[in-house]
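Engineer: Residue numbers (the working numbering): 74 to 541.
For glycine and all other residues, C-beta sits at the position ideal for the given N, C-alpha and C.
All figures in this text were calculated on a predicted structure; none of them were measured in a lab.
Quick one: this structure, given as structure tokens, is what I'll be asking you about.
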Amino acid sequence: MNINDALNTINKAEVFGASLSCDRALSLYRHLGDPWRYMESFHVACTNGKGSISSYLTHILCQAGHKVGWYTSPYLVRFNERIRVLDGPSDLERYDADLTTGEIPDADVVRLMGTVGKAAEAVAEETGMNVTQFDMITAVAFLWFKEQGCDYAVLETGLGGRLDSTNILEKPVAVLMASPGYDHMDRLGNTMAEIMSEKAGVIKYETPVYAYTPSDALLSPDDAAVAHGVLVERCRELSASLTFVGYDDIEILEYGREGQRFRSRHTGHEYSTKLLGPYQPIYAMQSALAISNAGLADMEAIHRGIETTVWPARLEVLSRSPFILLDGAHNLQGMLGLKDALCRLSDGDPVVFVLGLFADKDYEKMLRALLTDSNIAVAGIVSTEPPSERKLDAETLAKTAAEILVHNGREATVVAEADIDAALEKALSIAEESKAIVCACGSLYLAAGVKSAVHDLLGRKAEVCTCS
Numbered sequence: 074m075n076i077n078d079a080l081n082t083i084n085k086a087e088v089f090g091a092s093l094s095c096d097r098a099l100s101l102y103r104h105l106g107d108p109w110r111y112m113e114s115f116h117v118a119c120t121n122g123k124g125s126i127s128s129y130l131t132h133i134l135c136q137a138g139h140k141v142g143w144y145t146s147p148y149l150v151r152f153n154e155r156i157r158v159l160d161g162p163s164d165l166e167r168y169d170a171d172l173t174t175g176e177i178p179d180a181d182v183v184r185l186m187g188t189v190g191k192a193a194e195a196v197a198e199e200t201g202m203n204v205t206q207f208d209m210i211t212a213v214a215f216l217w218f219k220e221q222g223c224d225y226a227v228l229e230t231g232l233g234g235r236l237d238s239t240n241i242l243e244k245p246v247a248v249l250m251a252s253p254g255y256d257h258m259d260r261l262g263n264t265m266a267e268i269m270s271e272k273a274g275v276i277k278y279e280t281p282v283y284a285y286t287p288s289d290a291l292l293s294p295d296d297a298a299v300a301h302g303v304l305v306e307r308c309r310e311l312s313a314s315l316t317f318v319g320y321d322d323i324e325i326l327e328y329g330r331e332g333q334r335f336r337s338r339h340t341g342h343e344y345s346t347k348l349l350g351p352y353q354p355i356y357a358m359q360s361a362l363a364i365s366n367a368g369l370a371d372m373e374a375i376h377r378g379i380e381t382t383v384w385p386a387r388l389e390v391l392s393r394s395p396f397i398l399l400d401g402a403h404n405l406q407g408m409l410g411l412k413d414a415l416c417r418l419s420d421g422d423p424v425v426f427v428l429g430l431f432a433d434k435d436y437e438k439m440l441r442a443l444l445t446d447s448n449i450a451v452a453g454i455v456s457t458e459p460p461s462e463r464k465l466d467a468e469t470l471a472k473t474a475a476e477i478l479v480h481n482g483r484e485a486t487v488v489a490e491a492d493i494d495a496a497l498e499k500a501l502s503i504a505e506e507s508k509a510i511v512c513a514c515g516s517l518y519l520a521a522g523v524k525s526a527v528h529d530l531l532g533r534k535a536e537v538c539t540c541s
């Protein structure tokens, strides 16, 4: 078996299991000796911001000297990104300079997938249940973290919570609930009550929970109240302490294209982060509280961890001259958050958007959220296509965006270009003519193509950076 064979084994497995329980994953892990039991874990769930929270947690824990297994999804460029181990401040320094640091090597993916594949066959034979792709990947992560002797694991749920492959933890150090929103409604439900009930399924008995304040999550007041109520009730049932963190808990001191500085209103401590989303201080404080209250880091490590945190493709600055942003906003709440950030980051400059969306999203509503704010001058839109069968074709996207602009009395150049390289080249041309910045967004699946295009088109001529 080589790496392609290993990945093909995963890809041939079912995406979603038939069982409405975690029994399938439990059976698989039991065959592997329950490797998840050999370390304590932080469990991160909900809709928007899981990756940012997991990065803050990992950076703070490493700055405090711990060895951390970090499990995320999806990957941007390489499968190996999803599973990595970082050991202390020295590994963090290397990671911040080279984002491949700590990734599980190909040889170990192959070796461990051989083990997991045999266990999956045994589970199917014994129980009649076929393990899923995410079950397999999670099993590889647990085995790798155990072999590497990790002190702690930081685990993101994949899609939901209650039925997620990671939801076999009996008592995490803490559960962190990111910003709630509407996504994956075909699997999780059509109402906020249904979606949040699935997400809150990761909360365990007497486990501390740190949750993003739903009223700050760009939801309707009714949906925010429902999300708040579900979390409160779930925590009450399980005697789990619940701490909400929102904008009322922080004071922004400085904000700009280099990052932001903020103060905790409760402690008076000041922090800096390179991540540009206006919501990032909330994620940082959720992570800081979870680790501090568990007694796993002092204030110096927390400050350093927040200050050094990076997380690609989330309002990531790919180039400063010309100024190019990449953001994986892939649902309505993500687009609303991006819009709020651009109102500040554009600094009066017009914006050229490179847009690539999925056809199974509510893309019209997403586009209206992004393109109708009078505080953002739209100089141009270049529609493209993310590399996925779920992609919305560039022509339909361009037509929809143009109609929204016309309906709102706005004028801008709108071009359809399916090829990502050609789309970015066209966007840079429009930006140069109109003295605009460029923002690529709509799907995380665009990230690899956009990053590659920036490198190929600009190379040494651009002030290329990885600063968020």
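1) Taking the straight line between their C-alpha atoms, what separation do you get for Asp-179 and Asn-75?
2) Using CA coordinates, which residue listed in Ser-365, Glu-166, Pro-460 is at the minimum distance from Val-383?
3) For Phe-335, which residues does DSSP report across the bridge?
4) Three or more C-beta pairs under 8 angstroms: does that hold for the segment 456-463 against the segment 485-505?
5) Once DSSP output is grouped into helix, strand and coil, what is the label at Lys-140?
6) May I ask you to report which of helix, strand or coil DSSP gives Ala-475?
7) Would Val-88 and Gln-206 qualify as a contact pair, given that the criterion is a beta-carbon distance under 8 angstroms?
8) Looking at the unbroken alpha helix (DSSP H) that takes in Met-358, where does it start and where does it end?
9) Considering only residues of the same chain and omitting the five flanking positions on each side of Glu-380, which have a CB-CB separation below 6 angstroms?
10) Once DSSP output is grouped into helix, strand and coil, what is the label at Phe-215?
11) Anyone know if the C-beta pair for Ile-126 and Ala-361 falls short of 8 angstroms?
12) Put Ala-402 into one of helix, strand or coil per three-state DSSP.
13) Count the other CB atoms, across all protein chains shown, that sit within 10 Å of the CB of Lys-244; report buried if there are 16 or more and exposed otherwise.
14) Please give me, in chain order, every unbroken run of the beta strand (DSSP E) with length at least 3 that falls completely inside the segment 427-470.
15) Can you tell which of Ala-251, Ser-507, Glu-194, Lys-347 has its C-alpha closest to the C-alpha of Val-117?
16) Between Leu-99, Val-451, Ser-516, Tyr-102, which has its C-alpha nearest Ala-504's C-alpha?
17) According to DSSP, which residues form a beta bridge with Val-318?
18) Which one or two residues does DSSP pair with Arg-157 in a beta bridge?
19) So what's Asn-121 in DSSP terms, helix, strand or just coil?
20) Buried or exposed for Ile-163, please, with buried defined as at least 16 other CB atoms from any protein chain shown within 10 angstroms of its CB.
21) For Lys-140, which option in Arg-309, Leu-228, Phe-218, Ala-297 has the closest C-alpha, if you only look at C-alpha atoms?
22) Using a threshold of 8 angstroms, state whether the C-beta atoms of Glu-267 and Arg-235 are closer than that.
23) For Val-275, which residues in the same chain have their Cβ closer than 6 angstroms to its Cβ, ignoring the five residues on either side in sequence?
24) Counting beta carbon pairs with one atom in the segment 322-331 and one in the segment 290-302, are three or more of them shorter than 8 angstroms?
Structural biologist: Looking at the coordinates:
1) 8 angstroms
2) Glu-166
3) Ile-325, Tyr-344
4) yes
5) strand
6) Three-state DSSP puts Ala-475 in a helix.
7) yes
8) 353-366
9) Ser-345
10) helix
11) no
12) coil
13) exposed
14) Whole beta strand (DSSP E) segments, 3+ residues: 451-456.
15) Ala-251
16) Val-451
17) Val-318 is bridged to Tyr-285.
18) DSSP, once it has assigned bridges, lists Trp-143, Glu-176 as partnering Arg-157.
19) Of the three classes helix, strand and coil, the one that applies to Asn-121 here is strand, per DSSP.
20) Residue 163 is actually Ser in this sequence, not Ile. With fewer than 16 other Cβ atoms within 10 Å, it is exposed.
21) Phe-218
22) no
23) His-116, Ala-118, Gly-234, Asn-240, Val-248
24) no
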